[in-house]
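Here's the structure we're looking at; comments come further down.
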Amino acid sequence: MGLSEHEQRLLDEMERNLYKHEADIVNTSAGPRTVNYTKVAVGVLGVVIGLVLVIVGVSAKLLIVGVAGFAVAVVGALWALSASRPATTEETAAKGGARSGPAPAKQSPSLMDRLAQEWDDRNQR
Numbered sequence: 001m002g003l004s005e006h007e008q009r010l011l012d013e014m015e016r017n018l019y020k021h022e023a024d025i026v027n028t029s030a031g032p033r034t035v036n037y038t039k040v041a042v043g044v045l046g047v048v049i050g051l052v053l054v055i056v057g058v059s060a061k062l063l064i065v066g067v068a069g070f071a072v073a074v075v076g077a078l079w080a081l082s083a084s085r086p087a088t089t090e091e092t093a094a095k096g097g098a099r100s101g102p103a104p105a106k107q108s109p110s111l112m113d114r115l116a117q118e119w120d121d122r123n124q125r
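Under UniProt numbering, the residues of the sequence shown are numbered 1 to 125, in order.
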C-alpha cells in the first residue's frame, strides 16, 4: 500500500531536515581526548591473563577456573576501553591547541530542543 500525498510530503520534509542536521547528529564527540596508556596496558594484561585462565580451566576441566578467567578477561577489556577521557583545556593548550581560555558561553540548543521547536512550528501552520 502506497503513501498518501500528505504522508509522502511529511516523509520528504523529515528527510530534508535529517540531511540538514546530519552534521549535528554525527558529530557527537566533545573534542580532543586523552588516553591513559597505563590503564590500557593493565587492561590488555588482564585480558591476556583471563584468556590464559580460560585455557587452563578448559584443559584441566575446571569450570570455576574457566569462568573466573572469562570474568578477568571481560574486566580487563572494560578497564582498557575506559582509558580514554575528554581532554581538559589545560591539556589541549599544552599540546598546542588553539583554545586556552574558558569555553564559549554560547551553546546551541540540543537536538531534542530543535526537533520540538520544529514540531511546534509545523503544528502552528
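Even for Gly, the Cβ is constructed at its ideal location relative to N, Cα and C.
{"Check": "For residue 126, which residues in the same chain have their Cβ closer than 6 Å to its Cβ, ignoring the five residues on either side in sequence?", "Outcome": "Within the shown structure, residues of the chain are numbered from 1 to 125, placing residue 126 beyond reach of any answer."}
{"Check": "Classify G2 as buried or exposed, calling it buried when 16 or more other Cβ atoms lie within 10 Å of its own Cβ.", "Outcome": "exposed"}
{"Check": "Sort V35, L18, A71 by Cα distance to T88 and report the nearest one.", "Outcome": "V35"}
{"Check": "From this set, E5, A73, L10, which residue's C-alpha is nearest N123's C-alpha?", "Outcome": "L10"}
{"Check": "Specify the secondary structure class of R125 as computed by DSSP and reduced to three states.", "Outcome": "coil"}
{"Check": "Determine the extent of the beta strand (DSSP E) in which T34 is found, giving its start and end residues.", "Outcome": "33-35"}
{"Check": "Whole angstroms are fine: how far does the CA of L78 sit from the CA of T38?", "Outcome": "14 Å"}
{"Check": "Okay, do the stretch 11-18 and the stretch 41-56 touch, 3+ Cβ pairs below 8 Å being the bar?", "Outcome": "no"}
{"Check": "Cα-Cα, which of A83, S110, S108, D120 is closest to R33?", "Outcome": "A83"}
{"Check": "Measuring CB to CB, does G76 end up less than 9 Å from V47?", "Outcome": "yes"}
{"Check": "On a CA-only basis, which of A80, K20, V56 is nearest V40? Give me that one, please.", "Outcome": "A80"}
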